[in-house]
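>
Number of protein chains: 2
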Amino acid sequence: MHSKHLGRRRFLKEGAAIAGVAAGAIRSASGQSQTTIPEAPPKDTRLYGQRSRFVNSVRHLDRTGQDTPLQDLMGIITPSALHFVQSRGYDPPDIDPRQHRLLIHGMVDRPLIFSMEELKRFPSVSRILFLECPGNTGKTALEDGASTVQQTHGKTSCSEWTGVPLSLLLREAGVQKGAYWLVAEGAEKGSRAQSVPLEKAMDDALVAYGQNGEPLRPEQGFPIRMLLPGCTGGVNTKWLRRIKVLDQPEMGIWDLQQGNAIRVAPDGKGGKLPAMPPKSVITFPSGGQRLPGRGFYEITGLAWSGRGAIRRVEISTDGGQTWKDAQLQNPILPMAHTRFRFPWNWNGEEVVIQSRCTDDQGESQQSLAELSQRRGIQPGSFQSDWLKDSYARLGLNAIQPWRVSREGSVSNAMF
Amino acid sequence: MHSKHLGRRRFLKEGAAIAGVAAGAIRSASGQSQTTIPEAPPKDTRLYGQRSRFVNSVRHLDRTGQDTPLQDLMGIITPSALHFVQSRGYDPPDIDPRQHRLLIHGMVDRPLIFSMEELKRFPSVSRILFLECPGNTGKTALEDGASTVQQTHGKTSCSEWTGVPLSLLLREAGVQKGAYWLVAEGAEKGSRAQSVPLEKAMDDALVAYGQNGEPLRPEQGFPIRMLLPGCTGGVNTKWLRRIKVLDQPEMGIWDLQQGNAIRVAPDGKGGKLPAMPPKSVITFPSGGQRLPGRGFYEITGLAWSGRGAIRRVEISTDGGQTWKDAQLQNPILPMAHTRFRFPWNWNGEEVVIQSRCTDDQGESQQSLAELSQRRGIQPGSFQSDWLKDSYARLGLNAIQPWRVSREGSVSNAMF
Chain W
99 MHSKHLGRRR
109 FLKEGAAIAG
119 VAAGAIRSAS
129 GQSQTTIPEA
139 PPKDTRLYGQ
149 RSRFVNSVRH
159 LDRTGQDTPL
169 QDLMGIITPS
179 ALHFVQSRGY
189 DPPDIDPRQH
199 RLLIHGMVDR
209 PLIFSMEELK
219 RFPSVSRILF
229 LECPGNTGKT
239 ALEDGASTVQ
249 QTHGKTSCSE
259 WTGVPLSLLL
269 REAGVQKGAY
279 WLVAEGAEKG
289 SRAQSVPLEK
299 AMDDALVAYG
309 QNGEPLRPEQ
319 GFPIRMLLPG
329 CTGGVNTKWL
339 RRIKVLDQPE
349 MGIWDLQQGN
359 AIRVAPDGKG
369 GKLPAMPPKS
379 VITFPSGGQR
389 LPGRGFYEIT
399 GLAWSGRGAI
409 RRVEISTDGG
419 QTWKDAQLQN
429 PILPMAHTRF
439 RFPWNWNGEE
449 VVIQSRCTDD
459 QGESQQSLAE
469 LSQRRGIQPG
479 SFQSDWLKDS
489 YARLGLNAIQ
499 PWRVSREGSV
509 SNAMF
Chain R
99 MHSKHLGRRR
109 FLKEGAAIAG
119 VAAGAIRSAS
129 GQSQTTIPEA
139 PPKDTRLYGQ
149 RSRFVNSVRH
159 LDRTGQDTPL
169 QDLMGIITPS
179 ALHFVQSRGY
189 DPPDIDPRQH
199 RLLIHGMVDR
209 PLIFSMEELK
219 RFPSVSRILF
229 LECPGNTGKT
239 ALEDGASTVQ
249 QTHGKTSCSE
259 WTGVPLSLLL
269 REAGVQKGAY
279 WLVAEGAEKG
289 SRAQSVPLEK
299 AMDDALVAYG
309 QNGEPLRPEQ
319 GFPIRMLLPG
329 CTGGVNTKWL
339 RRIKVLDQPE
349 MGIWDLQQGN
359 AIRVAPDGKG
369 GKLPAMPPKS
379 VITFPSGGQR
389 LPGRGFYEIT
399 GLAWSGRGAI
409 RRVEISTDGG
419 QTWKDAQLQN
429 PILPMAHTRF
439 RFPWNWNGEE
449 VVIQSRCTDD
459 QGESQQSLAE
469 LSQRRGIQPG
479 SFQSDWLKDS
489 YARLGLNAIQ
499 PWRVSREGSV
509 SNAMF
């Protein structure tokens with residue numbers, strides 16, 4: 099193991115100072131100084147807490163939004179303040195929840211308008227779910243030469259969401275025969291209007307108002323947003339204000355948008371939203387970090403799939419020659435981040451480490467080389483062709499390799 | 099159900115305004131105004147996010163600390179900024195993690211000092227666990243005439259904690275034969291020194307540095323704290339700086355403190371820390387809230403046990419005459435808050451609603467009357483005797499009843 103086995107002199111030198119303080123503390127613990135603890139509340143009492151001034155992890159601002167600092171996260175919950183934002187440059191609308199309404203109309207028996215208070219009276223559900231921008235690991239990572247895991251994979255986050263099942267609201271309104279789609283519209287500038295197949299809406303869609311125990315953050319759609327488990331981030335309409343039930347999709351710009359494009363059945367009666375394929379990434383050690391020396395490290399990271407639960411994560415620490423199972427941290431939930439861990443002794447030589455996951459649908463990640471070959475992309479024209487291809491198919495779920503140099507510095511080994 | 103079934107005139111009146119805005123939005127969604135979305139990042143970009151200005155739920159300051167606003171929470175995760183604080187009036191120490199060290203010494207083969215960087219190199223674990231002050235639902239609730247669930251039950255919170263198993267650190271140090279206890283000491287003013295049986299320390303104790311994905315908040319022990327799953331809050335030493343391995347407990351003031359008092363085996367070779375008994379509480383509707391009228395409501399709340407997982411929650415809406423099972427929200431985790439839900443139609447009459455839970459050890463909650471009878475407390479001298487009793491036995495896990503008046507106002511019906 100790696101911690102200091104202190105020699106006697108070292109211990110005496112370093113330990114004595116701490117032990118000295120500690121001895122004082124023991125005296126106080128035995129009762130002598132206990133009365134000096136003030137009974138009055140502290141002057142700077144913070145009834146809504148803040149971080150230590152020594153903690154300063156923040157989102158990374160790029161051209162399309164703000165990325166989650168995955169390298170700093172622990173467990174599976176993303177703090178709401180660090181949830182990725184894909185706002186394309188506009189501020190979230192400043193919505194007064196007392197004034198906000200959700201309208202459900204179109205092919206329904208009873209058009210309805212709900213206040214927030216009314217929505218919260220419905221039966222509710224909480225689920226730990228990831229949200230991921232389809233551009234994650236794609237365009238930005240390629241074009242901007244991403245070097246850190248925040249830049250390559252930071253457009254995914256995982257929260258405990260709470261809301262009312264959309265199916266309950268639709269049943270309340272009474273969906274008419276012949277309806278197969280709805281359009282969900284947000285209240286932001288240049289409102290997003292997203293077509294959603296009725297089948298998905300009636301299955302597991304949520305009109306969410308809670309995120310990690312609190313109301314949604316403004317950037318995630320306060321006071322309500324659509325939540326379509328497993329689907330690409332863009333289709334989850336934020337600042338939701340209107341749902342129109344239709345016999346066909348609207349096919350507006352958002353329905354055709356790269357990455358989030360819907361698939362319509364040949365007869366128009368239904369279709370599919372794009373789901374995120376299985377992905378995993380090692381968050382430690384990852385690009386931009388530095389190992390202080392050879393010895394023991396715990397490799398850790400996240401895996402997730404829009405099609406179900408993660409069943410397996412394998413790790414290679416020899417450039418892909420051999421793979422061993424990582425340990426998956428409970429709880430392992432469908433369409434949620436899953437934390438994996440793998441013990442590793444680094445021998446100090448240059449190595450490439452990487453993870454690959456398999457979901458409970460049996461789908462696994464492949465290397466970029468394998469994916470390229472499968473899609474007939476020439477290695478030479480690689481980068482630009484790949485770009486188009488990945489956008490068309492949402493498929494950039496390639497294995498992410500990190501190179502550890504002899505000096506311990508970690509860099510992106512994808513290209 | 100309860101939402102508005104809008105008549106045609108009402109819909110035209112209210113709906114038209116929203117539909118009008120919406121129609122404009124559809125025009126923009128079809129492409130005409132899309133270019134007006136600015137490409138530049140917004141001026142007030144918040145790389146560490148904040149709440150909406152319309153969200154203002156905070157902790158409640160009482161004589162002993164700050165209580166979590168359970169009535170406002172959704173799901174099972176308590177936002178770190180709203181985690182209860184039981185600081186007895188002093189500010190958390192302002193610790194620089196680069197300077198902080200953990201010393202392990204006493205009956206060990208190799209006394210060790212760990213920096214934060216070294217601790218984080220060890221294999222780690224994340225667990226969703228509650229922490230609860232043993233005084234929760236006890237002294238304060240009784241003496242101060244608590245009326246809201248924040249006041250009666252707000253000294254419990256649930257987080258995803260991450261840290262290194264203490265067993266790994268102790269194995270690294272090499273615990274010597276004849277050792278049965280350790281003392282864990284914090285770095286705060288008047289340091290808390292808490293005796294912990296070695297058996298618990300080697301079982302599931304964590305030296306935690308992560309809370310809900312981030313480093314611990316200062317009030318919860320930044321940069322490291324002890325985490326003893328299921329045990330009373332007070333024994334989980336915050337701002338941990340020293341662990342001394344011993345053959346017997348120190349029996350300082352903290353080991354004897356009401357509510358947190360340790361139990362020592364007759365031969366001194368081991369013992370038990372107090373564990374929290376099963377508890378549940380309805381958070382909606384709860385004291386201080388007001389139902390706008392008869393009709394459908396979802397009763398919801400939290401259940402937890404320091405001895406294991408919650409197996410069952412039952413709800414009575416008729417003053418305890420009949421009980422029906424509530425639905426438990428997944429994931430149901432040991433020693434974690436579990437969210438329950440129960441559909442309810444309020445007929446507009448005065449009623450008393452309450453929940454009782456059973457954990458997977460088979461232990462259930464009882465009413466205050468049942469508990470009093472079992473312990474031979476006279477109803478007359480009730481309050482003061484009960485106080486002593488509850489403190490001595492940590493047993494105030496009585497069923498919490500709420501009274502709903504004909505006007506819909508909800509009040510504490512415990513006494």
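Those sequence lines, one after another, are chains W and R. In short: position in the first sequence from 1, add 98, done, that's the working numbering. In short: position in the second sequence from 1, add 98, done, that's the working numbering. Yeah, the Cβ is synthetic: ideal placement off N, Cα and C, and Gly gets one too. The structure presented is a predicted model; accordingly, all values stated were derived computationally and were not measured.
Is it right to say GLU441 (chain W) is buried, meaning 16 or more other beta carbons lie within 10 angstroms of its own, or is it exposed?
Taking the first residue of the first sequence as position 1, residue 441 (chain W) is located at position 343. According to the sequence provided, residue 441 (chain W) is Pro. The question's Glu does not apply to it. Exposed, since its Cβ has fewer than 16 Cβ neighbours within 10 Å.
> Would you kindly work out how many angstroms separate the C-alpha atoms of THR420 (chain W) and GLN498 (chain W), rounded to a whole number?
As a working note, residue 420 (chain W) is residue 322 in the first sequence. As a working note, residue 498 (chain W) is residue 400 in the first sequence. Distance between the alpha carbons of THR420 (chain W) and GLN498 (chain W): 15 Å.
> Which class does THR254 (chain W) belong to by DSSP, given the choice of helix, strand or coil?
In the first sequence, counting from the first residue as 1, residue 254 (chain W) sits at position 156. Reduced to three states, the DSSP call for THR254 (chain W) is strand.
> Is there a C-beta anywhere in chain R that falls below 8 Å from the one on THR436 (chain W)?
Counted from its first residue, the first sequence places residue 436 (chain W) at position 338. THR436 (chain W) does not count as touching chain R.
> DSSP three-state label for ARG47 (chain W), please.
This structure cannot settle anything about residue 47 (chain W), because the visible part of chain W is limited to 99 through 513.
> Would the beta-carbon of ALA282 (chain W) fall within 8 Å of that of LEU338 (chain W)?
Here residue 282 (chain W) corresponds to residue number 184 of the first sequence, with the count starting at 1. Here residue 338 (chain W) corresponds to residue number 240 of the first sequence, with the count starting at 1. For ALA282 (chain W) and LEU338 (chain W), yes; Cβs fall inside 8 Å.
> Label PHE438 (chain R) either buried or exposed according to how many other C-beta atoms from any shown protein chain fall within 10 Å of its C-beta, with 16 as the threshold for buried.
In the second sequence, the residue the question calls residue 438 (chain R) occupies position 340. By the neighbour-count rule (16 or more Cβ atoms within 10 Å), PHE438 (chain R) is buried.
> Based on DSSP bridge pairs, tell me the residues matched to VAL514 (chain W).
Within the shown structure, residues of chain W are numbered from 99 to 513, placing residue 514 (chain W) beyond reach of any answer.
> Identify the contact partners of LEU145 (chain W) in chain R, using a Cβ-Cβ distance below 8 Å as the criterion.
Residue 145 (chain W) sits at position 47 when you count from the first residue of the first sequence. Simply VAL156, ARG157, HIS158, LEU159, GLN164.
> How big is the Cα-Cα spacing for GLU216 (chain W) and LEU171 (chain W)?
Here residue 216 (chain W) refers to the residue found at position 118 of the first sequence. Here residue 171 (chain W) refers to the residue found at position 73 of the first sequence. Distance between the alpha carbons of GLU216 (chain W) and LEU171 (chain W) is about 36 Å.
> For GLU412 (chain R), name the three-state secondary structure that DSSP assigns.
As a working note, residue 412 (chain R) is residue 314 in the second sequence. It is a strand residue.
> Taking Cβ-Cβ distances shorter than 9 Å, what residues in chain R pair up with ASP365 (chain W)?
Residue 365 (chain W) sits at position 267 when you count from the first residue of the first sequence. Correct list: empty, because the minimum Cβ distance to chain R is about 24 Å.
> Report yes or no: is there a C-beta of chain W within less than 8 Å of the C-beta of MET172 (chain R)?
The residue given as residue 172 (chain R) occupies position 74 in the second sequence. At least one chain W Cβ lies under 8 Å of MET172 (chain R).
> Check the C-beta distance from ALA407 (chain W) over to PRO432 (chain W) and give it rounded, since I have them as a contact under 8 Å.
The residue you call residue 407 (chain W) lines up with position 309 of the first sequence. The residue you call residue 432 (chain W) lines up with position 334 of the first sequence. Confirmed, about 4 Å.
> Counting only the same chain and skipping the five closest in sequence on each side, list residues whose C-beta sits under 6 Å from that of VAL183 (chain W).
In the first sequence, residue 183 (chain W) corresponds to position 85, counting from 1. Hits under 6 Å: GLY163, GLN164, GLU317.
> Can you confirm whether PHE152 (chain R), when its beta carbon is compared against all beta carbons of chain W, has any partner nearer than 8 Å?
For the purposes of this step, residue 152 (chain R) is identified with residue 54 of the second sequence, where counting begins at 1. Answer yes: the Cβ-Cβ gap between PHE152 (chain R) and chain W drops below 8 Å somewhere.
> What separation, rounded to the nearest whole angstrom, lies between the Cα atoms of GLU297 (chain R) and ARG269 (chain R)?
Along the second sequence, read from residue 1 onward, the residue named residue 297 (chain R) stands at position 199. Along the second sequence, read from residue 1 onward, the residue named residue 269 (chain R) stands at position 171. Answer to the nearest angstrom: the Cα atoms are 13 Å apart.
> Between ASP302 (chain R) and chain W, is there a C-beta pair that is closer than 8 Å?
Here residue 302 (chain R) is taken as the residue at index 204 of the second sequence, counted from 1. Answer no: the Cβ-Cβ gap between ASP302 (chain R) and chain W never drops below 8 Å.
> Using a Cβ-Cβ distance cut-off of 8 Å, determine whether THR134 (chain W) contacts chain R.
Against the first sequence, residue 134 (chain W) aligns to sequence position 36. Residue placement at THR134 (chain W) is poorly supported in this model, since its pLDDT is 34, which falls under 50; the coordinates still yield a value, given next. Chain R contact via Cβ: present.
> Using beta carbons (cut-off 8 Å, strictly below), is PHE320 (chain W) in contact with chain R?
Working through the first sequence from its first residue, we reach residue 320 (chain W) at position 222. Yes, because at least one Cβ of chain R sits closer than 8 Å to the Cβ of PHE320 (chain W).
> Span of the beta strand (DSSP E) holding LEU304 (chain R)?
Here residue 304 (chain R) is taken as the residue at index 206 of the second sequence, counted from 1. Run containing LEU304 (chain R): 304-309, per the beta strand (DSSP E) assignment.
> Determine the closest residue to GLN169 (chain R) out of R:LEU266, R:GLY386, R:SER503, with distance taken between C-alpha atoms.
For the purposes of this step, residue 169 (chain R) is identified with residue 71 of the second sequence, where counting begins at 1. Ranking R:LEU266, R:GLY386, R:SER503 by Cα distance to GLN169 (chain R) puts R:GLY386 first.
> Is ASN495 (chain W) buried or exposed, if buried means 16 or more other CB atoms sit within 10 Å of its CB?
In the first sequence, residue 495 (chain W) corresponds to position 397, counting from 1. Label assigned to ASN495 (chain W): buried.
> To the nearest angstrom, report how far apart PRO295 (chain W) and LEU344 (chain W) are at their CA atoms.
Counting from 1 along the first sequence, the entry for residue 295 (chain W) is found at position 197. Counting from 1 along the first sequence, the entry for residue 344 (chain W) is found at position 246. Looking at the two C-alpha atoms, the distance is approximately 10 Å.
> So with Cβ pairs under 8 Å, would you call LEU180 (chain W) a contact of chain R?
In the first sequence, residue 180 (chain W) corresponds to position 82, counting from 1. True, the Cβ-Cβ gap to chain R drops below 8 Å.
> Which partner residues does HIS198 (chain W) have in the DSSP bridge list?
The residue labelled residue 198 (chain W) in the question sits at position 100 within the first sequence. Paired residue(s): none; HIS198 (chain W) is not in a bridge.
> What did DSSP end up calling VAL273 (chain W) once you bin it into helix, strand or coil?
For the purposes of this step, residue 273 (chain W) is taken as residue 175 along the first sequence, with counting starting at 1. Correct three-state label for VAL273 (chain W): strand.
> Quick one: residues in its chain with C-beta nearer than 6 Å to the C-beta of SER503 (chain R), no 5 flanking neighbours on either side, listed in chain order?
Within the second sequence, numbered from 1, the residue matching residue 503 (chain R) stands at position 405. Only GLU448 meet the Cβ criterion.
> For PHE394 (chain R), decide whether its Cβ has a neighbour in chain W, counting only Cβ atoms nearer than 8 Å.
Residue numbering aside, residue 394 (chain R) sits at position 296 when the second sequence is read from its first letter. Cβ-Cβ to chain W under 8 Å: yes for PHE394 (chain R).
> Look at GLY328 (chain W) and ARG405 (chain W) and say whether their C-beta atoms are less than 8 Å apart.
Residue mapping note: residue 328 (chain W) aligns to position 230 of the first sequence, counting from 1. Residue mapping note: residue 405 (chain W) aligns to position 307 of the first sequence, counting from 1. Yes, the Cβ-Cβ distance between GLY328 (chain W) and ARG405 (chain W) is below 8 Å.
> Along chain W, which residues have their Cβ under 7 Å away from the Cβ of ILE514 (chain R)?
Only positions 99 to 513 of chain R appear in this structure, which leaves residue 514 (chain R) out of reach.
> Going along chain W in order, which residues have a C-beta closer than 8 Å to the C-beta of GLU378 (chain R)?
Numbered from its first residue, the second sequence carries residue 378 (chain R) at position 280. The amino acid at residue 378 (chain R) is misidentified as Glu; the sequence shows Ser. What SER378 (chain R) touches in chain W: nothing, since even the nearest Cβ is about 17 Å away.
> Can you give the Cα-Cα distance for GLN248 (chain W) and ASP301 (chain R), rounded to whole angstroms?
Along the first sequence, read from residue 1 onward, the residue named residue 248 (chain W) stands at position 150. Along the second sequence, read from residue 1 onward, the residue named residue 301 (chain R) stands at position 203. Cα to Cα, GLN248 (chain W) sits roughly 35 Å from ASP301 (chain R).
> THR254 (chain R) to THR166 (chain R), Cα distance in whole Å?
For this step, residue 254 (chain R) is matched to residue 156 along the second sequence. For this step, residue 166 (chain R) is matched to residue 68 along the second sequence. If I take the Cα positions, the gap works out to 7 Å.
> Answer with yes or no whether the minimum CB distance from GLN169 (chain W) to chain R is below 8 Å.
As a working mapping, residue 169 (chain W) is identified with position 71 in the first sequence. Output row for GLN169 (chain W): interface = no.
> Using the Cα positions of SER178 (chain R) and ALA179 (chain W), report the straight-line distance between them to the nearest angstrom.
Position 80 of the second sequence, counted from the start, is the residue given in the question as residue 178 (chain R). Position 81 of the first sequence, counted from the start, is the residue given in the question as residue 179 (chain W). Between SER178 (chain R) and ALA179 (chain W), the C-alpha separation is close to 11 Å.
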